[in-house]
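Residue numbers (my numbering): 226 to 459.
Don't be surprised by glycine CBs; every beta carbon is placed ideally from N, CA and C.
As the structure is a prediction and not an experimental result, all values here were calculated from the model.
Have a look at the structure below before the remarks.
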Amino acid sequence: MTKIIFLDAVGTLFGVRGSVGEIYQKFASQWGVDVSPVTVNQAFFKSFKAAPPMAFPGAESTKIPDLEFEWWCRVAAETYQKVGVLEQFSDFRSFFEELYDYFATASPWFVYPDVKPALTKWRESGIKLAVLSNFDSRLYPVLTALKLADFFSDVTISTEVGAAKPDSKIFAAALQKCNCTIEETVHIGDSLTADYEGAINVGIKAFLLNRNTFSQPDVNQFATLLDCFNSYFI
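Here you go:
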């Protein structure tokens with residue numbers, strides 16, 4: 226019997242309004258830097274995918290916020306470097322502080338329409354809910370701003386654990402934090418590698434949240450969280 230569900234955050238509970246490229250373009254233009262939102266969006270995802278896991282094993286907890294900022298600052302700098310405009314910023318760190326803080330608010334995010342109804346149904350069924358995410362500590366104010374925080378009993382993020390999905394260490398940390406066993410747990414997320422395979426590899430039952438039209442063969446997948454609830458939890 227499922228007692229707790231771990232859910233990923235970005236791409237599962239909420240997504241970016243428009244695109245990252247559009248937001249990066251908007252903030253750059255305020256600093257007099259002209260970039261194409263499509264081009265900067267492509268550059269961002271190349272830089273993001275090439276970056277090391279967002280985890281800082283052995284780091285003191287008081288230093289984690291600064292490490293998170295520096296991690297994202299490097300990704301952003303490489304993004305603007307790829308499109309050839311990095312040197313046009315008069316003070317890149319000051320610019321990036323504004324951009325970084327913006328993503329700690331509700332403004333750049335939207336909650337998928339299926340999320341709150343599904344979370345409500347699971348909660349009414351007596352199943353505990355927790356977030357398990359390769360995000361940074363801005364996740365806490367974002368969940369509150371999006372009115373999602375009250376649904377979850379626990380939040381586990383890669384930067385605090387020192388390991389990022391699909392690393393088994395972050396799943397082990399979440400299980401320990403929530404005082405639950407593998408057999409009692411389900412994990413749901415939108416990444417085949419980080420969420421689905423990461424959970425399966427440690428023995429946790431997993432569902433892939435596949436919001437696009439490209440079906441993955443031999444995978445337990447659903448298009449929405451409500452579909453998952455109606456198919457498996459009723």
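Can you tell me the Cα-Cα spacing of residue i and residue j, whole angstroms?
i	j	result
residue 307	residue 253	14 Å
residue 344	residue 373	9 Å
residue 298	residue 317	9 Å
residue 249	residue 265	7 Å
residue 436	residue 340	12 Å
residue 286	residue 295	15 Å
residue 405	residue 262	44 Å
Verify whether the separation of the beta carbon atoms of residue i and residue j is less than 7 Å.
i	j	result
residue 237	residue 434	yes
residue 362	residue 277	no
residue 380	residue 398	no
residue 356	residue 280	no
residue 364	residue 382	yes
residue 239	residue 336	yes
residue 413	residue 232	yes
residue 352	residue 230	yes
residue 360	residue 304	no
residue 241	residue 338	no
Is residue i helix, strand or coil when you go by DSSP?
i	result
residue 231	strand
residue 392	coil
residue 244	coil
residue 451	helix
residue 369	helix
residue 379	strand
residue 446	strand
For residue i, count neighbouring C-beta atoms within 10 Å of its own C-beta (all shown protein chains included) and say buried if the count is 16 or more, exposed if not.
i	result
residue 411	buried
residue 415	buried
residue 282	exposed
residue 245	buried
residue 384	buried
residue 431	buried
Just checking, does the stretch 386 to 393 make contact with the stretch 421 to 431 on the three C-beta pairs under 8 Å criterion? yes
With a cut-off of 8 Å, do at least 3 Cβ pairs link the stretch 307 to 321 to the stretch 355 to 370? no
Tell me, please, whether the stretch 249 to 268 touches the stretch 337 to 351 by the rule of three or more beta-carbon pairs shorter than 8 Å. no
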